[in-house]
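In what follows, a structure is listed as structure tokens, so that the remarks can point back to it.
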Amino acid sequence: MKISHLFLSVLIFLVGCIDPLDVEVDVESPRLVVIAEISDLEEPYKVVLQRTADYKTLVNDRVTGATVSVVSSQGDEYFFEEQRAGQYFSCPAEFVGEVGEQYQLRIRTTQDKLYESSIETLLPSGEIDSAYYQKAERLVTSNTHEYNEKGIKVFCNFKDNSAKEYFMIDWQGTYKFQPSMLDTKNRYCWNTEASELEINLHDDQFSNNSLVKDYEITYLPDGLRFTEAYSFQVRLKSLTTGAYEFWSLIKQQYENDGSIFSALPAQISSNIVSLNNVEEKVLGYFTVSSVATYRIKIPHYALTGINEAQLPCKRFSPSDPVPEYCFDCTKFENSVGEEPPFW
19 MKISHLFLSV LIFLVGCIDP LDVEVDVESP RLVVIAEISD LEEPYKVVLQ
69 RTADYKTLVN DRVTGATVSV VSSQGDEYFF EEQRAGQYFS CPAEFVGEVG
119 EQYQLRIRTT QDKLYESSIE TLLPSGEIDS AYYQKAERLV TSNTHEYNEK
169 GIKVFCNFKD NSAKEYFMID WQGTYKFQPS MLDTKNRYCW NTEASELEIN
219 LHDDQFSNNS LVKDYEITYL PDGLRFTEAY SFQVRLKSLT TGAYEFWSLI
269 KQQYENDGSI FSALPAQISS NIVSLNNVEE KVLGYFTVSS VATYRIKIPH
319 YALTGINEAQ LPCKRFSPSD PVPEYCFDCT KFENSVGEEP PFW
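Right, dumping it as structure tokens:
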């Protein structure tokens with residue numbers, strides 16, 4: 019799940035907010051914020067640990083040096099390695115989640131504070147029947163004018179497989195691009211982006227065991243992503259009832275006006291607790307999902323008429339600094355110089 023920035027922003031707003039109309043907000047002690055997810059896909063799983071800091075500045079402190087692991091109901095314990103400050107990753111060669119298995123997240127900080135999640139079951143996902151795209155336009159309002167922005171809408175058709183299921187639908191997109199200046203290291207790069215600012219949830223109450231048709235996943239505006247072909251992967255994730263309720267409340271808060279003075283939903287409950295202090299409230303959730311995937315490739319010729327873009331490398335004078343990615347596109351965020359296997 020690639021919504022950590024959105025998730026953290028919403029949770030920070032919730033800290034200390036008792037009466038949304040009272041500007042005299044009490045500042046609480048820093049809280050642990052946990053963003054954790056595992057699945058049955060053979061890929062690294064990620065756990066992000068931060069602590070809320072000063073309420074007015076909305077700055078979080080990364081929790082480094084922690085011991086992070088996931089324990090299965092079989093007694094196997096899998097440890098996560100801290101690869102970036104406050105970000106811990108599993109090794110796919112050692113750990114891949116299994117449908118029907120139960121898992122628990124465990125955290126020990128450098129201050130010997132212990133945290134653990136409830137035991138979560140990895141439920142089966144539905145099936146993605148197909149996915150497709152359409153050219154689209156939307157009206158964009160800037161500070162000075164309005165204009166029609168061209169882009170692509172992506173849809174999917176999917177089916178659930180059991181009596182009662184909840185899903186999260188997210189996506190990853192990969193595109194090929196070339197730096198606008200001479201590149202001696204990598205002539206082309208591939209950049210992967212994800213649904214960081216979207217929460218798509220589905221309750222199968224009215225579609226139980228039937229095909230959900232023409233589900234709109236996202237809108238992709240024009241830009242650098244459309245200079246070559248675009249590979250789009252849909253991900254249909256199973257959710258437990260608790261996870262669905264948690265993400266529904268996060269979505270509800272985000273879709274308000276985004277202000278700390280908006281009407282807050284009911285207290286957002288975490289499935290993670292402190293073992294040292296029962297009064298300590300942890301923010302976040304340990305999500306366990308089975309994931310169905312479906313990939314489509316949008317060819318460059320299908321993007322005719324949609325505005326393209328280049329990396330911002332143009333200089334207006336010889337003294338202007340040139341970003342390093344203009345010469346080596348692997349320096350551009352989330353970019354690699356090797357062609358992905360699915361390309």
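Per our numbering: the sequence shown = residues 19 to 361. Virtual Cβ for every residue (Gly too), placed ideally from N, Cα, C.
Under the rule that 16 or more other beta-carbon atoms within 10 Å means buried, what is residue 179, buried or exposed?
Sequence index remark: in the sequence shown, residue 179 carries index 161 (1-based). It is exposed - the Cβ of residue 179 has fewer than 16 other Cβ atoms within 10 Å.
With contact counted as at least three CB pairs below 8 Å, one residue from each stretch, are the segment 123–132 and the segment 148–166 in contact?
no
Can you tell me which of 195, 145 and 291 puts its alpha carbon nearest to the alpha carbon of residue 313?
For the purposes of this step, residue 313 is identified with residue 295 of the sequence shown, where counting begins at 1. Closest in C-alpha terms to residue 313, from the list 195, 145 and 291, comes 145.
Run through DSSP, which three-state label would residue 361 get?
The residue labelled residue 361 in the question sits at position 343 within the sequence shown. Coil, per DSSP.
If I measure Cβ to Cβ from residue 57 and keep anything under 6 Å in the same chain, skipping five residues before and after, which residues do I get?
As a position in the sequence shown, residue 57 is number 39, starting the count at 1. Around residue 57: 115, 307 and 309.
DSSP beta-bridge partners for residue 79?
Position 61 of the sequence shown, counted from the start, is the residue given in the question as residue 79. DSSP lists 69 as partners of residue 79.
Residues that DSSP places opposite residue 102 in a beta bridge
Residue numbering aside, residue 102 sits at position 84 when the sequence shown is read from its first letter. DSSP lists 105 as partners of residue 102.
Helix, strand or coil for residue 113 per DSSP?
Here residue 113 is taken as the residue at index 95 of the sequence shown, counted from 1. Note: residue 113 maps to coil in three-state DSSP.
Whole-angstrom distance between residue 237 and residue 215, CA atom to CA atom:
Position 197 of the sequence shown, counted from the start, is the residue given in the question as residue 215. Position 219 of the sequence shown, counted from the start, is the residue given in the question as residue 237. Near 12 Å, if we compare the C-alpha coordinates of residue 237 and residue 215.
Do the segment 130–137 and the segment 293–300 make contact, defined as three or more Cβ pairs closer than 8 Å?
yes
Would you decide whether residue 42 is buried or exposed? Buried here means 16 or more other CB atoms lie within 10 Å of its CB.
Taking the sequence shown and counting its residues from 1, one reaches residue 42 at position 24. Because the pLDDT at residue 42 is just 47, under 50, the model does not fix this residue reliably, and the value given afterwards should be weighed accordingly. Result: exposed.
Within this structure, are the beta carbons of residue 184 and residue 262 separated by less than 7 Å?
Here residue 184 refers to the residue found at position 166 when the sequence shown is read from its first residue. Here residue 262 refers to the residue found at position 244 when the sequence shown is read from its first residue. Their beta carbons are under 7 Å apart, which means residue 184 touches residue 262 by this criterion.
For residue 105 and residue 190, believed in contact at Cβ under 8 Å, the rounded distance:
As a first step, residue 190 is located in the sequence shown; it is residue number 172 there, counting from the start. As a first step, residue 105 is located in the sequence shown; it is residue number 87 there, counting from the start. About 18 Å separates the two Cβ atoms, so there is no contact after all.
Residues bridged to residue 169 (per DSSP)
Working through the sequence shown from its first residue, we reach residue 169 at position 151. Looking at the DSSP assignment, residue 169 forms a beta bridge with 154 and 239.
Is it right to say residue 327 is buried, meaning 16 or more other beta carbons lie within 10 angstroms of its own, or is it exposed?
Mapped onto the sequence shown, residue 327 falls at position 309. Of the other Cβ atoms in all chains shown, fewer than 16 fall within 10 Å of the Cβ of residue 327; this residue is therefore exposed.
Distance between beta carbons of residue 55 and residue 305, contact taken as under 8 Å
By one-based count along the sequence shown, residue 305 stands at place 287. By one-based count along the sequence shown, residue 55 stands at place 37. In this structure residue 305 is in contact with residue 55, their Cβ atoms being roughly 4 Å apart against a cut-off of 8 Å.
Are there 16 or more other CB atoms within 10 angstroms of the CB of residue 118, so buried, or fewer, so exposed?
Position 100 of the sequence shown, counted from the start, is the residue given in the question as residue 118. If you draw a 10 Å sphere on the C-beta of residue 118, you find fewer than 16 other C-beta atoms in it, and that means exposed.
Just to confirm, is the Cβ distance from residue 348 to residue 174 under 7 Å?
Taking the sequence shown and counting its residues from 1, one reaches residue 348 at position 330. Taking the sequence shown and counting its residues from 1, one reaches residue 174 at position 156. Contact flag unset, no.
Nearest-angstrom Cα separation, counted from residue 92 out to residue 85:
The residue labelled residue 85 in the question sits at position 67 within the sequence shown. The residue labelled residue 92 in the question sits at position 74 within the sequence shown. For residue 85 and residue 92, the distance between alpha carbons rounds to 20 Å.
Report the rounded CA-to-CA distance for residue 68 versus residue 128, giving the unit in angstroms.
Position 50 of the sequence shown, counted from the first residue, corresponds to residue 68. Position 110 of the sequence shown, counted from the first residue, corresponds to residue 128. One C-alpha to the other measures close to 13 Å.
Using CA coordinates, which residue listed in 219, 267 and 197 is at the minimum distance from residue 343?
Along the sequence shown, one-based indexing puts residue 343 at 325. Here the closest residue by C-alpha is 197.
According to the Cβ coordinates, are residue 315 and residue 247 closer than 7 Å?
Numbered from 1 along the sequence shown, position 297 holds the residue referred to as residue 315. Numbered from 1 along the sequence shown, position 229 holds the residue referred to as residue 247. Yes, they are a contact pair.
Residues in the same chain with beta-carbon distance under 6 Å from residue 222, minus the five sequence neighbours each way, listed in chain order, please.
Counting from one through the sequence shown, the residue named residue 222 turns up at place 204. Cβ neighbours of residue 222 beyond the five flanking positions: 178 and 183.
Rounded to whole angstroms, what's the CA-CA distance from residue 319 to residue 329? Just pull it up for me.
As a position in the sequence shown, residue 319 is number 301, starting the count at 1. As a position in the sequence shown, residue 329 is number 311, starting the count at 1. Their backbone Cα atoms lie some 21 Å apart in a straight line.
Exposed or buried, what is residue 205 when buried is set at 16 or more other beta-carbons lying within 10 Å of its beta-carbon?
The count along the sequence shown starts at 1 and reaches residue 205 at position 187. By the 10 Å Cβ count, residue 205 comes out exposed.
Looking at residue 107: is its Cβ nearer than 7 Å to the Cβ of residue 64?
Your numbering for residue 107 matches position 89 in the sequence shown. Your numbering for residue 64 matches position 46 in the sequence shown. Yes, these two residues count as a Cβ contact at 7 Å.
Considering only their Cβ atoms, is the gap separating residue 268 from residue 52 smaller than 7 Å?
Numbered from 1 along the sequence shown, position 34 holds the residue referred to as residue 52. Numbered from 1 along the sequence shown, position 250 holds the residue referred to as residue 268. No, these two residues do not count as a Cβ contact at 7 Å.
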